[in-house]
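Some notes on the structure that comes next.
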Amino acid sequence: MRDETGHPGVGRVLVVIPTYNEADNLTWIVQRVRRAVPSVDILVADDNSPDGTGAVAEALAGQDRRVHVLHREGKQGLGAAYLAGFGWARQRGYDAVVEMDADGSHAPEDLPAMLAAARDADVVIGSRWTRGAQVLNWPLRRLLLSRCGNLYARLALGMPVSDATGGYRVYRLSALDALDLASVCSQGYSFQVELSRLAHRAGVRIVEVPITFAERERGSSKMSPFIVAEALWRITGWAVADRRLAFRRGLHGTPTGQVRWP
1 MRDETGHPGV
11 GRVLVVIPTY
21 NEADNLTWIV
31 QRVRRAVPSV
41 DILVADDNSP
51 DGTGAVAEAL
61 AGQDRRVHVL
71 HREGKQGLGA
81 AYLAGFGWAR
91 QRGYDAVVEM
101 DADGSHAPED
111 LPAMLAAARD
121 ADVVIGSRWT
131 RGAQVLNWPL
141 RRLLLSRCGN
151 LYARLALGMP
161 VSDATGGYRV
171 YRLSALDALD
181 LASVCSQGYS
191 FQVELSRLAH
201 RAGVRIVEVP
211 ITFAERERGS
221 SKMSPFIVAE
231 ALWRITGWAV
241 ADRRLAFRRG
251 LHGTPTGQVR
261 WP
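In UniProt numbering, the protein residues as written are 1 to 262.
Structure follows, in structure tokens:
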């Protein structure tokens, strides 16, 4: 019978792994998660991958009752996959959800430290840009893009987060319930920034844990100029909207809440 007590100090944990054409990586990453933290469950959210990722996920689920599969119709994007995973976790009574990439860039071996931090936090970000973190095998262009993008997000949105675009995270379900997830409409980098912004504005406790981030060894990156452009224009739009709101509240003498400017 499955142990329902979950991870010490956190409770029942679901690792959500979105996939699209990750057949070469999925078995490897699922096995690493199971070795690193045997107490967690795994949900593979597959966007009808043409390379057979869904079939690989079903085979893994058939061998391990802690592995589950959510088949989605067509390529709907990273943000939509995570939102579906959050809903799946809520319906089944999980206490925390982990976001993790399927390509191995997020090391499952870092997850124990992130879950330990989640005992006293609402949101844990596995950070590439905090003291003690490492980024391996990234070209200079990607390093500069990530560092500059995160600096822009932090300054524009007034968030004390060094890696707002980082996609390796732990969310307590109670924290997700405090966020207006119905308003989320972005994908890719901007999806992670949007959730960082919502969490900061909601006043939940966010901590960052250093991780070792490694470029994928198999398959092709999903990064594209569109993803970068979407992040830039959405961050700019949110910054403008926040400043307008702060200005209006200031005129009427009302508190500005969590909106803070550098």
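For glycine and all other residues, C-beta sits at the position ideal for the given N, C-alpha and C. All of these numbers come straight from a predicted model, not from anything done at the bench.
Could you please give me the residues that DSSP links to residue i through a beta bridge?
i	result
residue 126	209
residue 264	For residue 264 there is no data in the structure shown, the boundaries of the chain being 1 and 262.
residue 264	The first residue shown for the chain is 1 and the last is 262, placing residue 264 beyond what the model contains.
residue 17	44
residue 70	45
residue 214	136
residue 264	Any property of residue 264 remains undetermined from this structure, which presents the chain solely from 1 to 262.
Please look up how many angstroms separate the CB atoms of residue i and residue j, rounded, as I've assumed it's under 8 Å.
i	j	result
residue 61	residue 71	No, residue 61 and residue 71 are not in contact; Cβ-Cβ is about 11 Å, not under 8 Å.
residue 43	residue 14	6 Å
residue 96	residue 11	6 Å
residue 121	residue 206	7 Å
residue 159	residue 200	5 Å
residue 176	residue 86	6 Å
residue 48	residue 103	The Cβ separation is near 18 Å, so there is no contact.
residue 53	residue 22	5 Å
residue 239	residue 157	6 Å
residue 45	residue 81	4 Å
residue 196	residue 228	Contact doesn't hold; Cβ gap of about 17 Å is too wide.
residue 265	residue 34	No answer is possible for residue 265: it lies beyond the span of the chain, which begins at 1 and ends at 262.
residue 216	residue 108	That pair is no contact at about 14 Å.
At which residues does the alpha helix (DSSP H) containing residue i begin and terminate?
i	result
residue 58	53-63
residue 193	188-202
residue 31	23-36
residue 91	78-91
residue 148	140-157
residue 112	111-117
Along the beta strand (DSSP E) that carries residue i, what are the first and last residues, could you check?
i	result
residue 135	134-136
Against chain C, with Cβ distances strictly below 8 Å, would residue i count as a contact?
i	result
residue 228	Although the question refers to chain C, the structure presented lacks it and comprises just one protein chain.
Stretch pair the segment 188-195 + the segment 112-122: three plus CB contacts closer than 8 Å: no
Cβ contact (3+ pairs, closer than 8 Å) linking the segment 32-47 and the segment 149-162: no
The segment 128-145 contacting the segment 206-219, beta-carbon criterion three pairs below 8 Å: yes
Segment contact, 8 Å Cβ cut-off, at least three pairs: the segment 118-126 with the segment 16-31: no
Inter-stretch contact (C-beta, 8 Å, three-pair minimum) for the segment 239-253 and the segment 164-175: no
The segment 177-185 in contact with the segment 97-105 per 3-pair CB rule at 8 Å: no
Residue ranges of each beta strand (DSSP E) within the segment 220-245, 3 or longer: none
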